[in-house]
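Plus 838 on top of the position in the sequence shown (first one is 1) and you've got my numbering.
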Amino acid sequence: MKSADQTDLDAVLDNWFVQKKNVEGFENCGIKEITDWLNCELEDAGFQFLNDEEIIAEVRHSLKEDEEDDEDENNSQVKISNNDAFECFSKDLAWLEQQEQCDSSELMLLRKLRDRASRQRMTNLRQMKLPFKSFKINFHV
């Protein structure tokens, strides 16, 4: 004898099957295929059951992996010199000026970035003053 839950499930399946019978893709689908599909979900729910300790261990492990990935990304970043930036912005500006559809705001932005790189490049090229005072040596013979 079937349980009340099983009887209710059978009634729902029968009702669903009658409604979906004429829908494209369900022509060859019967009650057996539907129950097999639903029972498959019972066997493999698609997720894990973890206790508190396993959840904590999993979170700590994923955090450690994230930190390692961040360290790898930080180590792989190469510092671009002011001179290289200036040259790139100059080439970008020349390229943009050659385009038929050239927006003045884009040109102004590239010029501003090129000028900033130029100023920083010049700042690095200037000779810095020495922190001590110069003195004069007199030789008396």
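The C-beta atom is built at its ideal place from N, Cα and C for all residues, glycine as well.
Cβ neighbour criterion (16 or more within 10 Å) applied to residue 887: exposed
Proximity below 9 Å, CB of residue 927 to CB of residue 895: no
Whether residue 923 touches residue 959 by CB criterion (9 Å): yes
Range covered by the alpha helix (DSSP H) that runs through residue 920: 920-936
Distance CB(residue 947)-CB(residue 935) smaller than 9 Å: no
Three-state secondary structure (DSSP) of residue 962: Correct three-state label for residue 962: helix.
Distance between residue 917 and residue 862 (C-alpha atoms, nearest Å): 59 Å
Inter-residue spacing [alpha-carbon to alpha-carbon] between residue 898 and residue 891: 11 Å
Between the CA atoms of residue 903 and residue 919 - distance to the nearest angstrom: 31 Å
Nearest-angstrom Cα separation, counted from residue 953 out to residue 943: 15 Å
Euclidean distance between Cα positions of residue 915 and residue 949: So the alpha carbons of these two residues sit roughly 25 Å apart.
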